[in-house]
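A.B. asks: My questions all concern the structure below.
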Amino acid sequence: MFFTIIGAGVIVYGIFYTVVTSLLDSDLYLGFLDKFGKSPRKLKGKVVFITGASSGIGEHTAYALAKHGVKLVLAARRQNELQRVKAQCLALSGGQLEDKDVLVLPMDVLDVSSHQMHFDRAVRHFGTLDILVNNAGRSQRAAWEQIDLDVDKQLFDLNVFSVVNLTRIALHYFNTKGEGHVAVVSSLAGVIGAPYSGSYTGAKHAIHGYFNSLRLEKSSNNIHVTLLCPGPVFTNFLQEAFTEKSGQKLHGSTQPTDKRMTAERCGHLNAVALTNKVSEAWIGKFPVVPVTYVSVYFPILTKLTLKLIGTDRLFKLRDSKDPVEIIKGIKKLILQV
Ligand SMILES: *[C@@H]1O[C@H](CO)[C@@H](O)[C@H](O)[C@H]1NC(C)=O
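Take UniProt numbering: the final residue in the sequence shown is number 337, and no numbers are missing along the way.
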């Protein structure tokens, strides 16, 4: 009897969660925090360091914070793009931020030997630093068995090792300061598997391993660790995405008709997750969050569903495109190289 009640409770909660997150564009906790939690306004005057801030999710996370008077370090390779983002941040802040409150920091995250220098420069400029948001990275579209090992290594260098290196530097600083917050833009592909992105999915799972381990080590310190996991978002990420061949870029693009979240909304939800020091935030338009939830907590249902709808339909859900079409596109590119 006791176990029946518990079992029924789990099923009822599972259904409740799936239904409610179908109406939201995030996991249940983040959706709750967005309405009733601390507003990013609470971060006013704090200093946040964002990598990959010149476009996409990094850019829009910067805007979401700037609106509330959060001081920013905008890091990326393209200085002119960073200047554009900075100007927009100052405008959005409505006078809360002055020129010196947004630092443009040209840096290539792959150049790990320069991380310390860039980090020190940011701390020197503001006299302090509160949050590091590792956002820089590239996605991938490729057939698993065709991927060159060089691509796996390059993708890990960018999406994993550069993040780990910069985060360690930040942690040395936060340890001395006695408090701090490190975050990383992962992906729902870091929670479940994503087809046609083998190295990318592997790298995001590695990021979850690294950051979950760190969170346990720091659980009694005043250091917080946040994994931000967006699903499909409208950015130009398919342009720069890795394929299966070394040195190749996908040069793909998203379509306005795709089922994706706007980068603006994703930036806002990132800001909410950071303000409330969420451990792991799932972000995405229906149905990616309930799909992720069911995959993690009811794997047998996923197995059945995959049998019914097939991987290709699942992939369509991600890119709103047929995988065959995309792989064909890649093949064409390979012939061109
Ligand atoms: C980051 O990488 C550079 C280059 O390999 C290294 O010199 C530095 O010690 C690393 N930083 C940390 C904190 O591990």
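Idealized CB from N, CA, C, for every residue including glycine. Predicted model, so just to flag it, every value in this text is computed and none were measured.
1. Closer than 5 Å from C-beta to any heavy atom of ligand 1: which residues, in chain order?
2. Could you name the residues of the same chain whose beta carbon sits closer than 6 Å to that of residue 78, not counting the 5 residues immediately before and after it, in chain order?
3. Is residue 75 helix, strand or coil when you go by DSSP?
4. With DSSP run on the structure shown, which of helix, strand or coil describes residue 337?
5. Once DSSP output is grouped into helix, strand and coil, what is the label at residue 127?
6. In chain order, which continuous runs of the alpha helix (DSSP H) of length 4 or greater are located wholly inside the stretch 20-52?
7. What did DSSP end up calling residue 261 once you bin it into helix, strand or coil?
8. Let me confirm a value: residue 255 is counted as buried when at least 16 other C-beta atoms fall within 10 Å, else exposed. Which label applies?
9. I'd like the ranges of any alpha helix (DSSP H) spanning at least 4 consecutive residues and lying wholly in the stretch 234-315.
10. With burial defined as no fewer than 16 other Cβ atoms inside 10 Å of the residue's Cβ, what is the status of residue 172: buried or exposed?
11. Please classify residue 278: is it buried, with 16 or more other beta-carbons within 10 angstroms of its beta-carbon, or exposed?
12. With 16 other CB atoms within 10 Å as the buried threshold, where does residue 299 fall?
13. Within 10 angstroms of its Cβ, does residue 282 collect 16 or more other Cβ (buried), or is it exposed?
14. Count the other CB atoms within 10 Å of the CB of residue 200; is the residue buried (16 or more) or exposed (fewer)?
15. Given a cut-off of 8 Å on the beta-carbon distance, is the pair residue 42 and residue 275 in contact?
16. Any idea what DSSP makes of residue 56, helix, strand or coil?
17. Which residues bound the beta strand (DSSP E) around residue 180?
18. Can you give me the start and stop residues for the alpha helix (DSSP H) that residue 207 sits inside?
19. If contacts are defined as beta-carbon pairs under 8 Å, then residue 74 and residue 105 qualify, I think. What distance do you get, rounded to the angstrom?
20. At what residues does the alpha helix (DSSP H) containing residue 172 begin and finish?
21. With DSSP collapsed to three states, give me the class of residue 223.
22. Considering only DSSP beta bridges, list what residue 106 is partnered with.
23. Buried or exposed for residue 120, please, with buried defined as at least 16 other CB atoms from any protein chain shown within 10 angstroms of its CB.
24. Give me the residue from 18, 60, 303, 239 with the minimum Cα distance to residue 269.
C.D. replies: Concretely, from the data shown:
1. The filter returns 112, 113, 165, 168, 169, in chain order.
2. Contacts found: 54.
3. Here residue 75 carries a strand assignment [DSSP, helix/strand/coil].
4. For residue 337, the predicted structure reports a pLDDT of 29, less than 50, and the residue's modelled location is therefore unreliable. A value from the coordinates is still provided. If DSSP states are grouped into helix, strand and coil, residue 337 belongs with coil.
5. Coil, per DSSP.
6. Counting only runs of 4 or more, we get 28-36.
7. Residue state, collapsed to three classes: strand.
8. So residue 255 counts as exposed.
9. If we require 4 residues or more, the alpha helix (DSSP H) runs fully inside the stretch 234-315 come out as 237-240, 263-275, 288-297, 299-309.
10. Under this definition residue 172 is an exposed residue.
11. Under the 10 Å beta carbon count, residue 278 is surrounded by 16 or more other beta carbons and is classified as buried.
12. Flag for residue 299 reads exposed.
13. Residue 282 should be labelled buried.
14. Burial call: buried.
15. Yes.
16. In this structure, DSSP gives residue 56 a helical state, which the three-state scheme calls helix.
17. Start and end: 180-185.
18. 198-217 is the span of the alpha helix (DSSP H), which, as asked, contains residue 207.
19. That belief holds up - the Cβ atoms of residue 74 and residue 105 are roughly 6 Å apart, short of 8 Å.
20. Following the DSSP letters along the chain, one finds residue 172 inside the alpha helix (DSSP H) bounded by residues 162-177.
21. Here DSSP, grouped into helix, strand and coil, assigns residue 223 to strand.
22. Beta-bridge pairing links residue 106 to 76.
23. Classification of residue 120: exposed, given that the 10 Å Cβ count is below 16.
24. When the alpha-carbon of residue 269 is set against those of 18, 60, 303, 239, the nearest one is in 60.
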